[in-house]
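K.L.:
Protein chains in written order, with my numbering: chain H, 1 to 218; chain Y, 1001 to 1218.
By construction, the Cβ of each residue, glycine as well, lies at the ideal position given by its N, Cα and C atoms.
Once you've had a glance at the structure underneath, I'll fire off some questions.
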DNA sequence: TCCTGTATTGTTGTATACAAGTATACCCCT
DNA sequence: AGGGGTATACTTGTATACAACAATACAGGA
């Protein structure tokens, strides 16, 4: 096995299992045994265990004596994650406006160019990943480890819902233009505007996602 | 080695290293190698690695190719953690007031009795642990996995500062009486009162801790 | 003396071996 | 046929072995 330190098997395994839980490939209630995952993913139990440990810390699974039971993400969890976003993202964006480096702003800009490209093509798969990167850059740019460590996994776990939302409406264009407006507010170091825009962005995303969830539940 | 599943070596190792980082036994910037920790704690690298993985997720350390560098907790982090508390704890306590089980309320009550006992003895070490349990019970009682997974580690990481605060003033009595008031609000299902009281509790704790930090920095 | 190349030591990442416990299925006995 | 006990297979937790890579110290030559 080649030794790609930066993308260790444990990290890859974490991403795969996380994605499978979020997308309910592993359904809530299902029990994941280490040996099963080991066979399934073709790696030994060691990286599996490390990934499961982190997933447990994020409350996506719960370990017991005879396996890890999948907890998954409930609609209540989605509500709660948006509550967290509403409560903390304005402050994070304020700080990013104040202290984000020019380099990070450059990365944001380049990210936006890609967003524009894929928005035209309506490629929600790519847009979903770019959205994750966009937000992570800003969380990191806030300079607060605490905010980053809370908001980044929070945003991550909403991935499936964000993608579904982008697929089902004209949210692609709106989302993109909101991102552009946020970028300009950050670049101009206008923290009041940045806070106001992200609040609106979160509210819009919430409404959109909520509609999708209600539609699905019918 | 006896097989106490519920308190696995990995969990114990996590607690020890976490405590050592919080109390700056391992100073920020210091590099922790797995083999060193393995010798130091008398266990193999396997549980060490699992603990380090979780510590990295909590941003207490950062792993690189040649070891894990200790990040520690800065005074800015303390500010940020209180910001998170102010933003999210009122909502958590509201929900706890609404949905906490009678059993959990019983546990809170018994915890308070112990708090009273140790408050009289001014045993800040025990009080610190009881305070952790008290808050964890309420976070869990909120019924929100999301809030619990954010607020519990957040409160944990403030441990050192909470203890220092309890040692340096008459905060012991005030903290205890605030806890009692919160318990009664929860038991009476008065969510408005619970939210108001925790807000005040957080503000008081913040002022107290902040004074200590300023005093130390001189 | 300084620089360069090599060897040693230390690091992480991964796989595997082993111990201990548990649930389950199956067989035997009543 | 039904119930109980045993054996088996599967689970996690831990330790160790091995591979790949990195840094460093040291020795030798220019």
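Hey, is residue 147 (chain H)'s beta-carbon within less than 8 Å of any beta-carbon in chain Y?
P.N.:
It does; some Cβ of chain Y falls within 8 Å.
K.L.:
Under a three-way DSSP split, which group does residue 1026 (chain Y) fall into?
P.N.:
Here residue 1026 (chain Y) sits in coil by DSSP.
K.L.:
Under three-state DSSP, which class holds residue 1043 (chain Y)?
P.N.:
If DSSP states are grouped into helix, strand and coil, residue 1043 (chain Y) belongs with coil.
K.L.:
Quick check on DSSP: helix, strand or coil for residue 67 (chain H)?
P.N.:
Residue state, collapsed to three classes: strand.
K.L.:
Give the straight-line distance between the Cα atoms of residue 44 (chain H) and residue 50 (chain H), rounded to the nearest whole angstrom.
P.N.:
If you take the alpha carbons of residue 44 (chain H) and residue 50 (chain H), they lie about 11 Å apart.
K.L.:
Since residue 86 (chain H) is in the alpha helix (DSSP H), which residue starts that stretch and which ends it?
P.N.:
First-last of the alpha helix (DSSP H) with residue 86 (chain H): 75 to 99.
K.L.:
Would you say residue 215 (chain H) lies against chain Y (beta-carbon separation less than 8 Å)?
P.N.:
It does not: the Cβ of residue 215 (chain H) has no partner Cβ on chain Y nearer than 8 Å.
K.L.:
List, in order along the chain, the chain Y residues whose C-beta lies closer than 7 Å to that of residue 144 (chain H)?
P.N.:
Ordered by position in chain Y, the residues that pass the 7 Å Cβ test against residue 144 (chain H) are 1080.
K.L.:
What separation, rounded to the nearest whole angstrom, lies between the Cα atoms of residue 1115 (chain Y) and residue 1179 (chain Y)?
P.N.:
If I take the Cα positions, the gap works out to 9 Å.
K.L.:
Along the region 30 to 59 of chain H, where does the CB come closer than 8 Å to a CB of chain Y? Name the residues.
P.N.:
Those would be 46, 49, 50, 53, 54, 57, 58 and 59, in chain order.
K.L.:
List, in chain order, every chain Y residue whose beta-carbon is nearer than 7 Å to that of residue 87 (chain H).
P.N.:
Within 7 Å Cβ-Cβ: 1087 and 1088.
K.L.:
For chain H, is any of its Cβ atoms less than 8 Å away from the one on residue 1017 (chain Y)?
P.N.:
Residue 1017 (chain Y) does not count as touching chain H.
K.L.:
How many angstroms separate the CA atom of residue 126 (chain H) from the CA atom of residue 92 (chain H)?
P.N.:
One C-alpha to the other measures close to 25 Å.
K.L.:
Counting only runs that start and end within the region 140 to 181 of chain H, where is the alpha helix (DSSP H) found for 4 or more residues in a row?
P.N.:
DSSP runs (the alpha helix (DSSP H)) wholly in the region 140 to 181 of chain H: 145 to 157 and 159 to 167.
K.L.:
Pick from H:11, H:42 and H:78: whose alpha carbon is nearest that of residue 52 (chain H)?
P.N.:
Considering only alpha carbons, the answer is H:11.
K.L.:
Run through chain H and tell me which residues come within less than 7 Å of residue 1083 (chain Y), C-beta to C-beta.
P.N.:
Here the neighbours are 91.
K.L.:
Residue 242 (chain H) versus chain Y: which residues are under 8 Å apart at the beta carbon?
P.N.:
No information on residue 242 (chain H) is available, as it lies outside the stretch 1 to 218 that chain H covers here.
K.L.:
Output the distance between the C-alpha atoms of residue 197 (chain H) and residue 8 (chain H), rounded to the nearest integer angstrom.
P.N.:
Cα-Cα distance, rounded: 37 Å.
K.L.:
Find out if the Cβ-Cβ distance for the pair residue 1082 (chain Y), residue 1206 (chain Y) is shorter than 8 Å.
P.N.:
Closer than 8 Å, so yes.
K.L.:
By a C-beta neighbour count over all protein chains shown, 10 Å radius and 16 as the cutoff for buried, is residue 119 (chain H) buried or exposed?
P.N.:
Buried.
K.L.:
Is residue 1078 (chain Y) closer than 8 Å to residue 1182 (chain Y) when the C-beta atoms are compared?
P.N.:
No, the Cβ-Cβ distance between residue 1182 (chain Y) and residue 1078 (chain Y) is not below 8 Å.
K.L.:
Taking one C-beta from the region 131 to 139 of chain H and one from the region 148 to 159 of chain H each time, how about it: are there three or more such pairs within less than 8 Å?
P.N.:
These segments touch.
K.L.:
Identify, in the order they occur along the chain, each residue of the same chain with its Cβ nearer than 7 Å to the Cβ of residue 1028 (chain Y), setting aside the five sequence neighbours on each side.
P.N.:
Closer than 7 Å at the Cβ level, and outside the excluded window around residue 1028 (chain Y), lie 1070, 1071 and 1072.
K.L.:
Is it buried or exposed for residue 172 (chain H), if we count other Cβ within 10 angstroms and need 16 for buried?
P.N.:
Label assigned to residue 172 (chain H): buried.
K.L.:
Would residue 1209 (chain Y) count as contacting chain H if we go by Cβ distances under 8 Å?
P.N.:
Answer no: the Cβ-Cβ gap between residue 1209 (chain Y) and chain H never drops below 8 Å.
K.L.:
Which residues in chain Y have a C-beta closer than 7 Å to the C-beta of residue 77 (chain H)? List them in chain order.
P.N.:
Ordered by position in chain Y, the residues that pass the 7 Å Cβ test against residue 77 (chain H) are 1145 and 1146.
K.L.:
Apply the 10 Å Cβ neighbour rule to residue 1192 (chain Y) and answer buried if 16 or more other Cβ atoms are within range, or exposed otherwise.
P.N.:
By the neighbour-count rule (16 or more Cβ atoms within 10 Å), residue 1192 (chain Y) is not buried but exposed.
K.L.:
Determine, using beta carbons only, whether residue 1138 (chain Y) comes closer than 8 Å to chain H.
P.N.:
Not closer than 8 Å to any Cβ of chain H, the Cβ of residue 1138 (chain Y) fails to qualify, so no.
K.L.:
Beta-carbon of residue 1004 (chain Y) versus every beta-carbon of chain H: anything under 8 Å?
P.N.:
Any reading at residue 1004 (chain Y) must be qualified, since the residue scores a pLDDT of 38, below 50, and its modelled position is unreliable; no value is offered.
K.L.:
May I ask you to list the residues that DSSP assigns as paired with residue 62 (chain H)?
P.N.:
Partner(s): H:69.
K.L.:
Is residue 150 (chain H) close to chain Y? Criterion is C-beta to C-beta, closer than 8 Å.
P.N.:
Answer yes: the Cβ-Cβ gap between residue 150 (chain H) and chain Y drops below 8 Å somewhere.
K.L.:
Whose CA, out of H:144, H:100 and H:165, lies closest to the CA of residue 122 (chain H)?
P.N.:
Of H:144, H:100 and H:165, the residue nearest in Cα terms is H:165.
K.L.:
Should residue 1089 (chain Y) and residue 1013 (chain Y) be called a contact, given that it needs their Cβ atoms to be closer than 8 Å?
P.N.:
Not closer than 8 Å, so no.
K.L.:
Starting from the C-beta of residue 20 (chain H), find all residues in its chain whose C-beta is less than 8 Å away, skip the five residues before and the five after it, and write them out in chain order.
P.N.:
The residues are 26.
K.L.:
Measuring CB to CB, does residue 1157 (chain Y) end up less than 8 Å from residue 1031 (chain Y)?
P.N.:
For residue 1157 (chain Y) and residue 1031 (chain Y), no; Cβs fall outside 8 Å.
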